[in-house]
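Protein sequences, first through last, are from chains V, W, U and P. 1 is the number of the first residue of the first sequence in this note's numbering; add one for each residue after it. 1 is the number of the first residue of the second sequence in this note's numbering; add one for each residue after it. 1 is the number of the first residue of the third sequence in this note's numbering; add one for each residue after it. 1 is the number of the first residue of the fourth sequence in this note's numbering; add one for each residue after it.
4 protein chains.
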Amino acid sequence: MFRIDLKVRDYECDIQGVVNNAVYQNYLEHARHEFLLTNNIDFAALTNAGIHLMLIRAELDFKDSLKPGNQFYITVELEKQSRIKYAFVQNIYRADDDKLMVQARAIGVALNEKGRPTAFEPLDLMSETD
Amino acid sequence: MFRIDLKVRDYECDIQGVVNNAVYQNYLEHARHEFLLTNNIDFAALTNAGIHLMLIRAELDFKDSLKPGNQFYITVELEKQSRIKYAFVQNIYRADDDKLMVQARAIGVALNEKGRPTAFEPLDLMSETD
Amino acid sequence: MFRIDLKVRDYECDIQGVVNNAVYQNYLEHARHEFLLTNNIDFAALTNAGIHLMLIRAELDFKDSLKPGNQFYITVELEKQSRIKYAFVQNIYRADDDKLMVQARAIGVALNEKGRPTAFEPLDLMSETD
Amino acid sequence: MFRIDLKVRDYECDIQGVVNNAVYQNYLEHARHEFLLTNNIDFAALTNAGIHLMLIRAELDFKDSLKPGNQFYITVELEKQSRIKYAFVQNIYRADDDKLMVQARAIGVALNEKGRPTAFEPLDLMSETD
Chain V
1 MFRIDLKVRD YECDIQGVVN NAVYQNYLEH ARHEFLLTNN IDFAALTNAG IHLMLIRAEL
61 DFKDSLKPGN QFYITVELEK QSRIKYAFVQ NIYRADDDKL MVQARAIGVA LNEKGRPTAF
121 EPLDLMSETD
Chain W
1 MFRIDLKVRD YECDIQGVVN NAVYQNYLEH ARHEFLLTNN IDFAALTNAG IHLMLIRAEL
61 DFKDSLKPGN QFYITVELEK QSRIKYAFVQ NIYRADDDKL MVQARAIGVA LNEKGRPTAF
121 EPLDLMSETD
Chain U
1 MFRIDLKVRD YECDIQGVVN NAVYQNYLEH ARHEFLLTNN IDFAALTNAG IHLMLIRAEL
61 DFKDSLKPGN QFYITVELEK QSRIKYAFVQ NIYRADDDKL MVQARAIGVA LNEKGRPTAF
121 EPLDLMSETD
Chain P
1 MFRIDLKVRD YECDIQGVVN NAVYQNYLEH ARHEFLLTNN IDFAALTNAG IHLMLIRAEL
61 DFKDSLKPGN QFYITVELEK QSRIKYAFVQ NIYRADDDKL MVQARAIGVA LNEKGRPTAF
121 EPLDLMSETD
């Protein structure tokens, strides 16, 4: 399974002394893009080519809070939902004790140059082979 | 119903030329805190007093994308879910045409000094009177 | 003089309980873009048209720290530095007591489609008339 | 010399398709904190103990722009400026070709529990031994 290892940066933490909720979406986006990259899908290059990978839904369950200095890792799996929808199933674990911190599900589509959802073969191939 | 009016800032937009998904969580958090403030709950003061309002779940449906310069507004409603859980029901609308851009639901709890979820009377009062 | 009024958002504050240093650059960028807009220069539209307004230098003196809930305002003035360089002179004041919080100077250039610094008439006109 | 290796994340890039100026301050802060940590100074722990390391000035020269996917590294050196002031001299280089992207200087002080600048022995020791 795809996994990326990261470390909390102090500026990502808020006045509660923990990683701010919105930052987990940053982490999750970064993990998705790195996951795509290992499958030869370059988000930035696609964007420049007029194909926009967009989220239509995100669900996040916050189980516990990452803190300054914490090492953590994110796993990513891709599931095909329909002809044009894909679900990224993602978990964030604290590295020290493999504790699940955030459980997430992000539903995405590919938009063509006209802004219409479109079947996107590279994602199909990934979801089949995974 | 509570409503806050904001404007997209260019730095909140990403290489797709639209507001980045994670930024909507920033917007939604800010709207929740302003909503609480109008009900005399000051998030920062609470945090300093050792009471932590935390999200345990967030659901976001991205309907359309805000762009640089867009004016928008966010509505907030509070629903009591259980003795200790509260749901913030939040919508983000583009101001120009009142188009729904993001539909969100954030489930929160109050943690006491020991980190335990606790009944929090001020939120009870808010959810009753709304 | 151009002035924009804003309010600190809790997510902009870090574990020290004050606005994070990097966020002032966000504020300052937003103030510059709003300042340009009142002079009919739309940063995002320019970017789409292939003209990139870029900073080449930023100087920030942090005098005091904005805190959660603080209202503040930013002033912006434009000074022509050379045929192709412009200085944005910007101050951030706490609204309550007009205390100077951050004093900043941002030097910018306009890059043409080839990425070369170029004389940019609209900025000339602004710096002359201000 | 201290060096930290990082990679641009897509969400750090703005509508110009490059890393947003404010994000370099995030990078630089993270590099400073990691640098301090290798010298046994834990920024978050210090903050909890009531000692606040604060910047009083930042200077950034933007030489070129990091783009999505770029690997980069940041170097950090500490210079003592006075009995209570320290300068972090920091450079950001693109890893591919060791090109200097940002040259920065951040002046910091340590504030004691009363918010007064104070001599801070651990930083003295670091600046001496470097």
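Here a beta-carbon is modelled for each residue, glycine too, at the ideal position from N, C-alpha and C. In this text, all values refer to a predicted model and were calculated from it rather than measured experimentally.
Check	Outcome
Candidates I51/W, K85/W, F88/W, V102/W: closest to G17/V by CA position	I51/W
N39/V - partner residues in DSSP beta bridges	Paired residues: none, contrary to the question.
Between the CA atoms of H33/P and P117/P - distance to the nearest angstrom	19 angstroms
Through-space distance from R105/V to A49/P, alpha-carbon basis	38 angstroms
Against chain U: residues of the segment 4 to 26 of chain V by CB proximity under 7 angstroms	D10, Y11, C13, D14, I15, G17, N20, A22
T38/U burial status per 10 Å Cβ neighbour count (16 or more: buried)	exposed
Distance CB(R3/U)-CB(H30/W) smaller than 8 angstroms	no
Residues of the segment 57 to 84 of chain V with Cβ closer than 7 angstroms to any Cβ of chain U, in chain order	P68
Distance between beta carbons of L28/U and F72/U, contact taken as under 8 angstroms	Not quite, the Cβ-Cβ distance comes to about 12 angstroms (not below 8 angstroms), so this is no contact.
Residues from the segment 38 to 51 of chain W in contact with chain V, defined by Cβ distance under 7 angstroms	A44, T47
Interface partners of E29/V on chain W, CB under 7 angstroms	N21, A22
Exposure of E131/P, with buried meaning 16 or more beta-carbon neighbours within 10 Å	The structure shown has nothing for residue 131/P, since chain P only spans 1 to 130.
Close-in-space but distant-in-sequence residues of the same chain around K85/V (CB under 7 angstroms, 5 per side omitted)	I107, V109
Chain-ordered chain P contacts of L55/U [CB-CB under 9 angstroms]	N21, L60, F62
R3/W in three-state terms, based on DSSP	strand
Three-state secondary structure (DSSP) of Q81/P	coil
Residue from G115/U, V102/U, L125/U whose Cα sits closest to the Cα of A22/U	V102/U
Straight-line Cα distance separating V89/W from D130/W	Only weak support is given to the placement of D130/W: the predicted model assigns it a pLDDT of 47, under 50, and the value that follows is read from those uncertain coordinates. Straight-line Cα distance between these residues: approximately 12 angstroms.
C-beta neighbour in chain U for A110/P, strict 8 angstroms	no
Cα-Cα separation, E113/P to K99/V	35 angstroms
Pick from L60/P, A44/P, G69/P, I74/P that is closest to M1/P, judged by C-alpha positions	I74/P
Beta-bridge pairing of K67/P - partner residues as DSSP gives them	Its beta-bridge partners do not exist; DSSP assigns none.
Assigned exposure category for L53/P - 16 Cβ within 10 Å defines buried	buried
E113/W in three-state terms, based on DSSP	coil
Pair within 8 angstroms by beta-carbon distance, D14/W and K80/W	no
D130/P at chain V interface by Cβ criterion, 8 angstroms	The predicted model places D130/P with a pLDDT of 46, which falls under 50 and marks its position as unreliable, so this point remains unresolved.
Close-in-space but distant-in-sequence residues of the same chain around P68/V (CB under 7 angstroms, 5 per side omitted)	V8, D10, C13
Span of the beta strand (DSSP E), counted from its first residue to its last, around N91/W	86 to 94
C-alpha gap between I41/P and A119/P, whole angstroms	15 angstroms
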